[in-house]
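Trainee: So for the sequence shown, my numbering puts the first residue at -4; every next one is plus one.
Cβ coordinates follow ideal geometry from the N, Cα and C atoms, glycine included.
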Amino acid sequence: MARPREFSIETATQNAMNVFWAHGYEGASLPELLKGMGIARGSFYKAFDGKKPLFMSVLDLYDQEAIWPAVTLLSGPEDVDGWKRIMLLFNQVVAVVASGDHRGCLVCTAAAGPAANDVDIAKAVGLALDKMRKGFETALGASRQHNELNAQQRRAFADMLTAQYVGLRILARSRAPLATLERSVSAIQGLTDLID
-4 MARPREFSIE
6 TATQNAMNVF
16 WAHGYEGASL
26 PELLKGMGIA
36 RGSFYKAFDG
46 KKPLFMSVLD
56 LYDQEAIWPA
66 VTLLSGPEDV
76 DGWKRIMLLF
86 NQVVAVVASG
96 DHRGCLVCTA
106 AAGPAANDVD
116 IAKAVGLALD
126 KMRKGFETAL
136 GASRQHNELN
146 AQQRRAFADM
156 LTAQYVGLRI
166 LARSRAPLAT
176 LERSVSAIQG
186 LTDLID
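#1: May I have the straight-line CA-CA distance separating Ser181 from Phe2, to the nearest angstrom?
#2: Where does Asp74 fall in DSSP's three states?
#3: Tell me the DSSP secondary structure of Ser3 in three-state form.
#4: Among Arg149, Ala153, Ser179 and Gly130, which has the Cα closest to the Cα of Ile62?
#5: Starting from Gly45, trace the alpha helix (DSSP H) both ways and give me its first and last residue.
#6: What ranges does the beta strand (DSSP E) occupy inside the segment 90 to 147, keeping only unbroken runs of at least 3 residues that lie completely in it?
#7: Please state whether DSSP places Leu186 in a helix, a strand or coil.
#8: Quick one: residues in its chain with C-beta nearer than 7 Å to the C-beta of Tyr20, no 5 flanking neighbours on either side, listed in chain order?
#9: Quick check on DSSP: helix, strand or coil for Pro26?
#10: What is the DSSP secondary structure of Ile62, counted as helix, strand or coil?
#11: Note down the Cα distance separating Ala7 from Ala153, rounded to an integer number of angstroms.
#12: Taking just the CA atoms, how far does Met127 sit from Leu163?
#13: How many Å lie between Thr157 and Asp74 at the Cα?
#14: For the putative contact between Leu56 and Leu68, defined by C-beta atoms under 8 Å, what is the C-beta separation to the nearest angstrom?
#15: Mind checking whether Arg178 and His97 have CB atoms under 8 Å apart?
#16: Any idea if Ile34 is buried or exposed, counting beta-carbon neighbours within 10 angstroms, 16 or more meaning buried?
#17: Under a Cβ-count criterion, where at least 16 other Cβ atoms within 10 Å of its own Cβ denotes burial, should Ser94 be classed as buried or exposed?
#18: What's the gap between the Cα of Leu189 and the Cα of Val114?
#19: What's the call for Ala174, buried or exposed, on a 16-neighbour Cβ count within 10 Å?
#20: Give the DSSP-derived three-state secondary structure of Ser169 in the structure shown.
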């Protein structure tokens, strides 16, 4: 008879997310993962089948805990102007760094790392970033300054904002000076239209 699992898959995945977030996919060694998760090697392979399947589970968890809340912020509430929602998201990034958290965004870090070489990770990263882009599109549609943009213009502006978001989060991870992030967000704040 098989012995019952002596740890929570959910807790182990959460702990693994913290290890990957701190060290990146390539930098998170198996010993670091085992230590961070508080499990033995045999249990690790029985539960997760390896590092990549674990990372895919971690990306799914991060999607639930970080991407969807960001998309929800961008998508509403309806009584808050869409551009204000966008700026609130960017200012939250700066506030997180100001509080001492330089981890950046796990998806953005994956986009700059393993997504370049792994089809499955690239697909998961692409889906997460597409959710962000759609969130920006929704917010732009609810912005008094930008709601007259046509669908193609709004898509282009949302692409640019997504790129700015990824760049800002990578700058945060690289421990760029807080003032650099603040200037970047101020420049975004100054945008009133993408199209002449």
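Mentor: So, from the data block:
#1: 46 Å
#2: coil
#3: coil
#4: Gly130
#5: Per DSSP, Gly45 belongs to no alpha helix (DSSP H) and is neither H nor E.
#6: none
#7: coil
#8: Correct list, in chain order: Phe50, Ala105, Gly108 and Pro109.
#9: helix
#10: helix
#11: If I take the Cα positions, the gap works out to 35 Å.
#12: 14 Å
#13: Looking at the backbone, the Cα of Thr157 and that of Asp74 are separated by about 23 Å.
#14: The Cβ separation is near 19 Å, so there is no contact.
#15: Taking 8 Å as the Cβ cut-off, Arg178 and His97 do not qualify as a contacting pair.
#16: buried
#17: By the neighbour-count rule (16 or more Cβ atoms within 10 Å), Ser94 is not buried but exposed.
#18: The pLDDT assigned to Leu189 is 46, lower than 50, so where the model puts this residue is not dependable; a value taken from the coordinates is nonetheless given after this. In this structure, the straight-line span from the alpha carbon of Leu189 to that of Val114 is close to 33 Å.
#19: exposed
#20: Here Ser169 carries a coil assignment [DSSP, helix/strand/coil].
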